[in-house]
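*Asks:* With this note's numbering applied, the sequence shown corresponds to residues 92 to 272, in that order. Just so it is clear, CB atoms sit at the ideal spot from N, CA and C, and this is done for glycine as well. In this text, all values refer to a predicted model and were calculated from it rather than measured experimentally. Take a look at this one; I'll ask things after.
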Amino acid sequence: MAKVLYSVTLSIDGFISGPNGDMQWMRPYLGPNPEVDELVPRIGALLVGRRTHDGDDPHKGDPNEGQAFGGGYDGPEYVVTHHPPADPRPGVTYVDDFTKALAAAKQAAGDKYVNVMGASIAKQCIEAGELDEVLVLYAPVMLGDGTRLFAHPGGRTVRLQRRSVTPTSLATSLWFDVIKN
């Protein structure tokens with residue numbers, strides 16, 4: 092059975108993108124990461140929000156621009172959107188319902204991970220009780236503004252249990268299990 096994982100690079104002050112969805116801040120922190128290299132072959136499907144799918148690519152200008160994990164991942168991708176594009180990208184399935192998209196991604200993933208990309212989709216997974224794990228790659232930078240890792244007006248506590256901490260030269264990885272009550 093597939094597990095749902097939210098993996099994301101994060102600034103020390105809690106942002107996954109900069110102002111106006113800027114992802115170029117991440118470029119100096121892209122590079123070899125043994126934990127990510129080990130993870131990518133264990134991903135069976137992506138579950139992505141439309142803003143993330145259409146947004147700024149930290150690999151802009153690179154040969155693998157537009158490809159998940161800088162070209163490291165090649166598999167099914169499910170984008171949650173109420174407005175599918177007129178010219179869909181090959182290999183991407185656009186689904187207008189979160190629940191249906193998650194079910195399709197889990198089925199496609201088999202016994203591998205469904206990797207969540209995008210704060211809104213991660214939040215929906217949390218609210219549905221479907222998020223199993225979180226992998227945060229802390230980059231040594233502060234952005235001051237942008238999209239938060241998790242925002243819930245009025246607050247919401249999501250308890251996590253640390254699984255591992257892995258420092259690298261570019262970022263520090265923290266892997267957690269989501270504690271479900």
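1. Roughly how many whole angstroms lie between the Cα atoms of Glu156 and Asp148?
2. Buried or exposed for Met92, please, with buried defined as at least 16 other CB atoms from any protein chain shown within 10 angstroms of its CB.
3. Is the Cβ-Cβ distance between Ser98 and Asn206 less than 8 Å?
4. Under the three-state reduction of DSSP, which class applies to Arg118: helix, strand or coil?
5. Mind checking Met233: buried by the 16 CB within 10 Å criterion, or exposed?
6. The alpha helix (DSSP H) with Pro125 in it runs from where to where?
7. With distances taken from CA atoms, which of Asp178, Glu221, Gly163 and Pro179 is nearest Lys191?
8. Relative to the alpha-carbon of His150, which residue among Thr143, Arg142 and Gly161 has its alpha-carbon at the smallest distance?
9. Could you check where the alpha helix (DSSP H) with Glu218 kicks off and where it finishes?
10. Are Ala199 and Ala136 closer than 8 Å when you measure CB to CB?
11. What separation, rounded to the nearest whole angstrom, lies between the Cα atoms of Cys216 and Ser260?
12. Look up Asp268 in the DSSP assignment and say whether it is helix, strand or coil.
13. Kindly indicate which residue of His173, Leu130, Pro231 and Ser211 has the alpha-carbon position closest to the one of Ala159.
14. Which of the three DSSP states is assigned to Phe160 in this structure?
*Replies:* According to the structure data:
1. Here residue 156 corresponds to residue number 65 of the sequence shown, with the count starting at 1. Here residue 148 corresponds to residue number 57 of the sequence shown, with the count starting at 1. Their Cα atoms are separated by approximately 7 Å.
2. The residue given as residue 92 occupies position 1 in the sequence shown. So Met92 counts as exposed.
3. Within the sequence shown, residue 98 is the residue found at index 7, counting from 1. Within the sequence shown, residue 206 is the residue found at index 115, counting from 1. Yes.
4. Translated into positions along the sequence shown, residue 118 becomes position 27. Helix, per DSSP.
5. Reading the sequence shown from its first residue, position 142 is the one you call residue 233. With fewer than 16 Cβ atoms within 10 Å of its Cβ, Met233 is classed as exposed.
6. Here residue 125 refers to the residue found at position 34 of the sequence shown. It spans Pro125 to Leu130 - the alpha helix (DSSP H) in which Pro125 sits, taken as one unbroken run.
7. The residue you call residue 191 lines up with position 100 of the sequence shown. The residue with the shortest Cα to Cα distance from Lys191 is Glu221.
8. Translated into the one-based positions of the sequence shown, residue 150 becomes position 59. Minimum Cα distance to His150 is reached at Gly161.
9. Residue numbering aside, residue 218 sits at position 127 when the sequence shown is read from its first letter. Ala210 to Glu218 is the extent of the alpha helix (DSSP H) around Glu218.
10. For the purposes of this step, residue 199 is taken as residue 108 along the sequence shown, with counting starting at 1. For the purposes of this step, residue 136 is taken as residue 45 along the sequence shown, with counting starting at 1. A contact, by the Cβ cut-off of 8 Å.
11. Within the sequence shown, the letter at position 125 stands for residue 216. Within the sequence shown, the letter at position 169 stands for residue 260. Spanning the two alpha carbons is a distance of roughly 31 Å.
12. Here residue 268 refers to the residue found at position 177 when the sequence shown is read from its first residue. Here Asp268 sits in strand by DSSP.
13. Here residue 159 corresponds to residue number 68 of the sequence shown, with the count starting at 1. Here the closest residue by C-alpha is Leu130.
14. By one-based count along the sequence shown, residue 160 stands at place 69. It is helical.
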